[in-house]
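S.K.: Got a structure here, written out as structure tokens. Questions coming.
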Amino acid sequence: MSGAARRDPVSRALGALEVALAAVAGVAMALIMVIVAVDVAMRYFFNAPLGWSYGLIGIYLVVAVFFLSLSDTMRAHGHIALDVARPLLPRSIRHLGLFLGYGISAPFIGLIAWLALEQAISAWVGDDRIAATVPWPTWPAYALVAVGAAALALRILWRAFGHAAALATGRELADEPPASAMSDHAAEHGE
Numbered sequence: 144m145s146g147a148a149r150r151d152p153v154s155r156a157l158g159a160l161e162v163a164l165a166a167v168a169g170v171a172m173a174l175i176m177v178i179v180a181v182d183v184a185m186r187y188f189f190n191a192p193l194g195w196s197y198g199l200i201g202i203y204l205v206v207a208v209f210f211l212s213l214s215d216t217m218r219a220h221g222h223i224a225l226d227v228a229r230p231l232l233p234r235s236i237r238h239l240g241l242f243l244g245y246g247i248s249a250p251f252i253g254l255i256a257w258l259a260l261e262q263a264i265s266a267w268v269g270d271d272r273i274a275a276t277v278p279w280p281t282w283p284a285y286a287l288v289a290v291g292a293a294a295l296a297l298r299i300l301w302r303a304f305g306h307a308a309a310l311a312t313g314r315e316l317a318d319e320p321p322a323s324a325m326s327d328h329a330a331e332h333g334e
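Taken in order, the sequence shown gives residues 144 to 334; the numbers are from the numbering used here.
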């Protein structure tokens, strides 16, 4: 992350939101592990499995782990990136390509957030529930998708803005991915 990006209040606020969402995702992951361990113990030692565990894990916790960590993963450049040609491209072409990619992606991710929010509201109003041992309401799962996708859309928009500003000013205002580990390995070994 560039120094300008670290000092930027929008980046700091968005980063704080992403860290909070990632913490919730981490708690959800820990709950999955504890519930599965308890369920296995109850099933094999007492022949009394937790009838509600798979519904809770499948409808809420896995959704929380996945969607609430998306934006923080992007902030940390943790998503898969194909960067074979990136070091060879001129700075302006890199920023233009990233601006276009983020600019095209943002509306789609925003649409996912919007549609999930609409579905959450509809499920809340209709009191939609899953057909299982415990009839869990479905709206929280849709709300988790909406929150996670909205945070990701904000991160994508902010990246698009940073790359557009870098193009316009000639200054490094955008948060670019670090050099790949493969490039470092090749440089170390003279490849």
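Backbone N, C-alpha and C fix where the C-beta goes; we use that ideal spot for every residue, glycine too.
Can you tell me which of the three DSSP states Leu314 falls into?
M.R.: The residue asked about is misnamed: residue 314 is Arg in this sequence, not Leu. Reduced to three states, the DSSP call for Arg314 is coil.
S.K.: Quick one: is Ala168 buried, meaning 16 or more other Cβ sit within 10 Å of its Cβ, or exposed?
M.R.: Per the 10 Å Cβ criterion, buried.
S.K.: Could you check which residue in Leu211, Leu164, His238 has the C-alpha nearest to that of Glu319?
M.R.: With distances taken between Cα atoms, Glu319 lies closest to His238.
S.K.: Which runs of the alpha helix (DSSP H) at least 4 residues long sit entirely within the segment 186-211? Give them in chain order.
M.R.: If we require 4 residues or more, the alpha helix (DSSP H) runs fully inside the segment 186-211 come out as 196-199.
S.K.: If I'm right that Ile273 touches Gly194 with Cβ under 8 Å, what's the distance once you round it to whole angstroms?
M.R.: Wrong, their Cβ atoms sit about 13 Å apart, outside the cutoff.
S.K.: If we count Cβ pairs, one from each stretch, closer than 8 Å, do we get three or more for the segment 292-307 versus the segment 156-163?
M.R.: Result yes; three or more Cβ-Cβ pairs closer than 8 Å.
S.K.: Going by CA-CA distance only, name the one from Met172, Arg234, Ile247 that's closest to Thr312.
M.R.: The shortest Cα separation from Thr312 among Met172, Arg234, Ile247 belongs to Arg234.
S.K.: Buried or exposed: Asp270, going by 16 or more other Cβ atoms within 10 Å of its Cβ?
M.R.: Asp270 should be labelled exposed.
S.K.: Label Val222 either buried or exposed according to how many other C-beta atoms from any shown protein chain fall within 10 Å of its C-beta, with 16 as the threshold for buried.
M.R.: Before going further, note that residue 222 is His rather than Val in the sequence given. So His222 ends up on the exposed side.
S.K.: Just to confirm my understanding: we take Ala307, look at its own chain, exclude 5 residues before and 5 after, and list those with CB closer than 7 Å. What are they?
M.R.: Counting only Cβ-Cβ distances below 7 Å, and skipping sequence neighbours, we find Phe242.
S.K.: Distance, Cα to Cα, Ala163 vs His220?
M.R.: Rounded to whole angstroms, Ala163 to His220 spans 17 Å at the Cα level.
S.K.: Under 6 Å Cβ to Cβ from Gly291, same chain only, skipping five residues before and after it: list those, please.
M.R.: Closer than 6 Å at the Cβ level, and outside the excluded window around Gly291, lie Phe210, Leu211, Leu213.
S.K.: Assign Pro233 to one of three DSSP states: helix, strand, or coil.
M.R.: Note: Pro233 maps to coil in three-state DSSP.
S.K.: Tell me whether Ala228 is buried or exposed, calling it buried when 16 or more other Cβ atoms sit within 10 Å of its Cβ.
M.R.: Per the 10 Å Cβ criterion, exposed.
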